[in-house]
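Colleague:
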Amino acid sequence: MGMVSRRTVNMVSKALMTPVKPLQVFMDAPSPTHGYCLQHAYDILCQDGKDDVAAYFRPFDRWLRKGSFWADQGWRNVCHYFFASSKFRPGAETECQYYFDKAVTTCQQDITKGMFYLGAAVHLVQDMCVPHHAAGAVFDGHKEFETWAGENLQHFSAAESGIYMPFTGPSEWIRYNAARALTYYPLVSKGKGCDEGNYFEAARELLPLTIYTTAGFLDFAKPVLQQACVTIPQTSWLNVAGEKMSDYAPVSFNHGSRGA
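Note that our numbering has the sequence shown beginning at 368, numbered continuously upward.
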C-alpha cells in the first residue's frame with residue numbers, strides 16, 4: 368500500500384505543480400502546533416505513568432520534529448486529508464501507513480532515520496485533529512484556523528490523560544481523530560461565518576485531542592520500533608547542525624482517565 372501511495376503522490380504532484388505553483392506557498396507555511404503538541408505528549412505520557420515511552424522518544428525529539436516539518440514540504444501535504452471509502456485517491460490513511468512502514472524498516476539500519484519517518488507519521492495523526500483535514504477541505508478557512516490556533520496555543524491546557532487505544536495500525540488512529548474532528552467543522556468553516564469565538568470553542572477540544580492521541584500513538588509505536596531496532600548506531604545519517612529548535616511553554620495538567 369505504501370509503494371502505491373508514493374507512486375500516486377508523485378504523479379499527482381507533477382500534474383498539479385505546473386498550473387498552480389503559487390498554491391504551494393500557501394500549503395508549505397510551517398505551524399508551531401505540531402511541535403508544541405509533541406512536546407506536551409511527552410509530559411502526558413509521564414503524567415500517565417508511561418515514563419518509559421517518553422524516555423524512549425525524547426532523545427530523538429529533534430528527528431521526530433524534523434520529520435514532522437518535512438512531511439509538510441513541497442507537495443507531500445496533498446495527501447494530508449481524510450477521504451472516506453476511497454480506493455483511488457491517496458489520503459491520510461495511506462500516507463500515514465507509508466511513513467510508519469518506512470520508520471519500521473529504516474530504523475533497523477539507523478534509528479534516527481526511523482524516528483524521522485515516524486515524525487512524519489505523527490504529523491498525519493495530528494493533522495486529523497483539524498476539521499478541514501478530516502473533511503478533505505483544503506480551503507474554507509483552513510489556513511485561517513490553523514494560523515489562529517498556532518498563535519493562541521498558550522490559551523489552552525490539556526487536563527486529562529492520554530488516549531490509549533488497542534489499535535493495530537496507524538490507519539485506525541487516522542480514522543479515530545478524523546471522526547472526532549469532523550464534528551467541529553461547522554465551527555471553523557469560513558462558509559458558515561465562523562468567528563474567533565467559534566475558533567476558541569473548537570480549539571479548546573481539538574488541541575487537547577491532538578496531544579492525547581499523539582501520546583497514544585507514541586505508546587502504540589514504541590513496541591513496534593523496539594522490535595525492529597536491534598542496535599542503535601553511533602552516528603546519524605541526518606545533519607541537524609546549526610538548527611534552532613523552539614521552546615514550548617508548559618501546560619497545566621490534572622489527573623484523569625482516558626482510553627483503553
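No residue lacks a Cβ here, since even glycine has one placed at the ideal position from N, Cα and C.
Restricting to Cα atoms, I'd like to know which of Gln440, Asp419 and His401 is closest to arginine 429.
Modeller: For arginine 429, the closest C-alpha among the options Gln440, Asp419 and His401 is that of His401.
Colleague: Find the nearest neighbour of phenylalanine 587 within the set Asp419, Gly564 and Tyr403, judged by alpha-carbon distance.
Modeller: Out of Asp419, Gly564 and Tyr403, Asp419 has the C-alpha closest to the C-alpha of phenylalanine 587.
Colleague: In chain order, which continuous runs of the alpha helix (DSSP H) of length 4 or greater are located wholly inside the segment 501-538?
Modeller: 509-518
Colleague: Jot down the residue ranges of each uninterrupted alpha helix (DSSP H) in the segment 392-442, minimum 4 residues, whole runs only, in chain order.
Modeller: 400-414, 418-424 and 428-437
Colleague: Would you mind stating whether glutamine 493 and asparagine 544 have Cβ atoms separated by less than 9 Å?
Modeller: In contact: glutamine 493 and asparagine 544 (Cβ atoms closer than 9 Å).
Colleague: Work out the CA separation of alanine 487 and alanine 422 for me, nearest whole Å.
Modeller: 20 Å
Colleague: Alpha carbons only, please: which of Trp540, Gly558, Thr581 and Ala526 is nearest the one belonging to glutamine 464?
Modeller: Trp540
Colleague: Got a sec? Which residues, its chain only, sit under 7 Å from phenylalanine 584 by beta carbon, not counting five neighbours each side?
Modeller: Val489, Val492 and Trp540
Colleague: Just the C-alpha distance for lysine 480 and tyrosine 552, rounded to the nearest angstrom, thanks.
Modeller: 35 Å
Colleague: Alpha carbon to alpha carbon, how far is glycine 560 from phenylalanine 436? Give it in angstroms, no decimals.
Modeller: 31 Å
Colleague: Is it buried or exposed for glutamine 406, if we count other Cβ within 10 angstroms and need 16 for buried?
Modeller: buried
Colleague: If you measure between the beta carbons of alanine 408 and alanine 582, is that distance less than 9 Å?
Modeller: yes
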